[in-house]
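Undergrad: Under my numbering, think of the first position of the sequence shown as 1333, with each following residue one higher. For every residue, glycine included, the Cβ atom is placed at its ideal position computed from N, Cα and C. What follows is a structure written as structure tokens; I'll ask about it next.
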Amino acid sequence: AGEDTWDLIRDIGIEHQILKPTNSMTKRFIFSGGRLKQIGLFGLIKTYPEIMLEAFKPTGPPDETVGCFLKRRFGEKFCLEMGDSMVNGIYAGGINTISVRSSSPFSKLKNMEMEYGSVTRAAFTIAVSRALSSLRSLLTSLFTSPLNSKNKP
């Protein structure tokens, strides 16, 4: 929540009613085929194998509906089951009426596609870049620490 939201919560005195996130809250589920299915990377791949082809699909137009974007990148089943649930849950609007450019988090996915050619490629590139940056910071701190200084007293 934003700072204004927290100010409002404090102003009306309900901060003691706020539930803190727990590890179990990181688990995501979708109701499909008459049952709840946990969503994780391997579950997504098993349920929506077409997402494995995302990196090989061509870049789309600068703007399109969320439905067109998700169907083109991740497949029709993913679009209808996951995308429609997300759009209705976030915006209470139709997947084929909301612009991908004007709706977060979908605009971030579209930006990744436009910059890297695919969402998968972008995620991989960003993850590798962060890992290398962390490694570089660690090595820099190890080799510039006072213990390794040539000017030891």
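#1: Hey, out of S1469, T1457 and T1391, whose CA is closest to M1446's CA?
#2: I think V1398 touches V1419, with their Cβ atoms under 8 Å apart; what is that distance to the nearest whole Å?
#3: Can we say the stretch 1373-1390 touches the stretch 1417-1436, given the rule of at least three CB pairs closer than 8 Å?
#4: Between the alpha carbons of T1457 and G1449, how many angstroms are there, rounded?
#5: Look up I1344 in the DSSP assignment and say whether it is helix, strand or coil.
#6: Grab the span of the alpha helix (DSSP H) containing K1440 for me, first residue to last.
#7: Taking the CB atoms as reference points, tell me whether K1436 and D1395 lie closer together than 8 Å.
#8: What residue does the beta strand (DSSP E) around L1295 start on, and which one ends it?
#9: Give me the Cα-Cα distance between P1381 and F1401, rounded to the nearest whole angstrom.
#10: Using DSSP with H/G/I as helix, E/B as strand and the rest coil, what is T1476?
#11: Is the beta carbon of E1413 less than 8 Å from the beta carbon of I1362?
TA: So, from the listed chains and residues:
#1: T1391
#2: Confirmed, Cβ separation roughly 6 Å.
#3: no
#4: 11 Å
#5: coil
#6: Run containing K1440: F1438 to Y1448, per the alpha helix (DSSP H) assignment.
#7: Here residue 1436 turns out to be Ser, not Lys, going by the sequence shown. Taking 8 Å as the Cβ cut-off, S1436 and D1395 do not qualify as a contacting pair.
#8: Here the chain comprises residues numbered 1333 to 1485, so residue 1295 is not present and cannot be evaluated.
#9: Computed Cα separation, rounded: 17 Å.
#10: In the three-state DSSP reduction, T1476 falls in the coil class, being neither helix nor strand.
#11: yes
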